[in-house]
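**Student:** Numbering (this note's numbering), first residue to last: 293 to 686. Beta carbons are placed, not taken as given, at the ideal position from N, Cα and C, and that holds for glycine.
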Amino acid sequence: MKLFLNILIVLSCLSSTSLSFARDNQSEITGDQHLQHVKDYVVVGPNDVTILDPSTHQGSHLLFLNRCLGGLDLTPGQENSRKNHTPHARVPLTLDPYQHDDKSWTEVVRHVRDILYPFNIEITDQDPCVNLSEGETCPNHFEAAVCGSPANFGMNVPGLGGFASFTCAGVIENSIAFIFPLAHNGPRHIAETVVHEVGHNFGLDHLFDCSDPMTYLSGCGEKYFQDKNNVCGTFQRESCSCGRQQQNSYQTLFNVLGEGYISTPPQLSFVELENGSIVDIGFTVRAEVSDPDGIAFVQLLVDEEEILTLDFGPYIFDTPRTLFLGEHTVTLIAEDNHGAQQIKTIVVSNDITSDDEGCHSNNHSALVALIMSLGLLLLRRHNKIYTPISNHAR
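(1) Considering only the alpha carbon of each residue, which of E627, F616, D595 lies closest to F604?
(2) With the cut-off set at 9 angstroms, would you say S373 and E435 are in Cβ contact?
(3) Can you give, in chain order, each stretch of the beta strand (DSSP E) that sits fully within the region 456 to 494 and has at least 3 residues?
(4) CB-CB under 8 angstroms to F500, same chain, minus the five flanking residues each way: which ones, in chain order?
(5) Give the single residue among Q591, V486, Y607 whose Cα lies nearest to the Cα of P505.
(6) Have a look at H694 and I343 and give me their C-alpha separation to the nearest angstrom.
(7) Would you mind reading off the limits of the beta strand (DSSP E) that contains N358?
(8) Grab me the residues of P442's own chain with a C-beta within less than 6 angstroms of its C-beta, minus the 5 sequence neighbours each way, in chain order.
(9) Tell me the rounded alpha-carbon separation between P379 and A456.
(10) Below 8 angstroms, how does it come out for the region 454 to 468 and the region 404 to 424: are there three or more Cβ pairs, yes or no?
(11) The alpha helix (DSSP H) that contains T546, what's its start and end?
(12) Have a look at N540, E484, T556 and flag the residue whose alpha-carbon is nearest the alpha-carbon of D519.
(13) Is the separation between the beta-carbon of L560 and that of I638 shorter than 9 angstroms?
(14) In angstroms with no decimal places, state the Cα-to-Cα distance between N642 and E598.
(15) How about F562 and L624: are their beta carbons less than 9 angstroms apart?
(16) By the DSSP assignment, the alpha helix (DSSP H) with E619 in it spans what residues?
(17) Taking T386 as the reference, give the member of Q538, F470, I573, A579 with the closest Cα.
(18) Would N493 and S467 be called neighbours here (beta carbons separated by less than 9 angstroms)?
(19) My guess is that R359 and P389 are in contact by the Cβ rule of under 8 angstroms, so how many angstroms apart are they, rounded?
(20) Tell me whether L509 sits in a helix, a strand or coil according to DSSP, three-state version.
(21) If you run the structure through DSSP and keep just helix, strand and coil, what is A443?
(22) Leaving out five residues before and five after A588 in sequence, what residues of the same chain have Cβ atoms less than 7 angstroms from its Cβ?
(23) Is the separation between the beta-carbon of D332 and that of H488 shorter than 9 angstroms?
(24) Pull up the CB-CB distance for P410 and P420, whole angstroms please, since I reckon it's below 8 angstroms.
(25) May I ask you to report which of helix, strand or coil DSSP gives T601?
(26) For L366, which three-state DSSP category applies?
(27) Taking only the alpha-carbon atoms, compute the straight-line gap between H353 and I415 and give it to the nearest angstrom.
(28) With a threshold of 16 other CB atoms inside 10 Å of the CB of K395, please say whether the residue is buried or exposed.
(29) What is the DSSP secondary structure of S641, reduced to helix, strand or coil?
(30) In the DSSP assignment, find the unbroken alpha helix (DSSP H) run with T398 in it and report its ends.
(31) Provide the residue span of the beta strand (DSSP E) that contains R578, from first to last.
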């Protein structure tokens with residue numbers, strides 16, 4: 293009984309991590325003798341991949357996030373994202389499509405862009421090898437295949453969240469990293485695994501730092517590449533690969549890719565409403581938004597209280613009918629996929645007495661006149677009913 297409980301505790305600890313990977317004892321996930329599996333990456337040789345010198349990187353600055361619509365066909369061979377060749381397939385195989393919905397996928401793409409924002413790398417979920425013009429060829433690119441499962445590769449590795457090629461010799465050009473969506477808890481965890489596995493293609497080892505995407509550790513919030521020298525390790529401190537004493541994941545990527553694109557805030561405006569507008573109770577707010585980097589969300593606040601956040605358009609908001617009569621500050625916040633924000637605020641009024649000359653004022657005067665008329669009518673009725681009684685008494 294005690295042994296059974298210990299096994300349950302171990303399984304619980306393993307399943308609680310946000311990034312689940314194969315362990316050291318899974319040494320032959322492909323069956324190829326020239327591939328040595330270490331944790332969630334596979335150490336490859338020059339015959340398996342194309343390697344570029346990271347100090348003079350002249351390779352790609354494009355990362356294709358592939359959700360594998362209709363499945364992804366892979367064939368054995370030297371790793372090549374342009375041809376869907378991988379040394380990790382012993383026979384031709386097909387990966388199952390991304391198993392979650394469109395909204396989840398949109399979030400994955402947004403989070404990957406958010407994490408890799410500091411670096412000069414373009415993120416796309418459109419296949420760069422299709423819809424080419426005449427004379428164009430498929431460009432070199434890194435690829436993250438966010439689809440499939442370990443079973444597609446014939447692997448029996450419960451909890452494996454993904455794997456990628458790794459070498460100490462340099463950057464793996466035209467690499468394909470594999471991320472298994474069902475092993476993760478939500479779009480952010482999937483995105484963190486994407487950059488983790490792609491990081492291995494750039495020669496990054498695991499870090500014993502919960503805040504960095506190259507970690508196995510969890511429970512410390514969202515992960516970003518840390519610009520500091522870190523100790524390597526998974527669930528304990530370990531020596532770094534490739535003879536390094538420590539690793540700075542941020543500087544490693546920066547030295548290869550360079551500084552990232554500086555995003556400009558979205559273009560944002562109110563439709564129909566403007567500062568000083570008179571509005572009805574339960575008025576509608578419409579926003580017009582555009583940004584070349586895509587819109588992550590648009591949020592409406594009234595009197596500094598959040599009303600609604602929309603992740604996609606059309607950006608139309610209905611305000612509560614319980615708002616008090618008077619002036620209200622109305623704020624729109626738009627954020628693009630790189631985290632740049634634009635904020636617009638106006639003041640409107642739903643007080644019907646605030647328009648001195650308009651129909652609201654006329655309605656108010658008419659209401660007063662109606663009340664006075666009703667008062668006179670009631671007074672006359674009162675006299676007709678009670679006066680005769682008074683005369684009779686006399």
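**Tutor:** A quick look at the data gives this:
(1) E627
(2) yes
(3) 463 to 465, 468 to 471
(4) T507, L509, N522, V523, C524, G525, T526, Q528, R529, E530
(5) V486
(6) Nothing about residue 694 can be reported from this structure: the residues present for the chain run from 293 to 686 only.
(7) 354 to 358
(8) V449, L452
(9) 11 angstroms
(10) no
(11) Here residue 546 is Phe; the residue named in the question, Thr, does not match the sequence. Here the alpha helix (DSSP H) through F546 covers 541 to 549.
(12) N540
(13) no
(14) 19 angstroms
(15) yes
(16) Segment 619 to 628 is the beta strand (DSSP E) holding E619; no alpha helix (DSSP H) there.
(17) F470
(18) yes
(19) 7 angstroms
(20) coil
(21) helix
(22) R402, E627, D628, N629
(23) yes
(24) The pair is not a contact, with the Cβ atoms about 23 angstroms apart (cut-off 8 angstroms).
(25) strand
(26) strand
(27) 9 angstroms
(28) exposed
(29) strand
(30) 394 to 408
(31) 576 to 582
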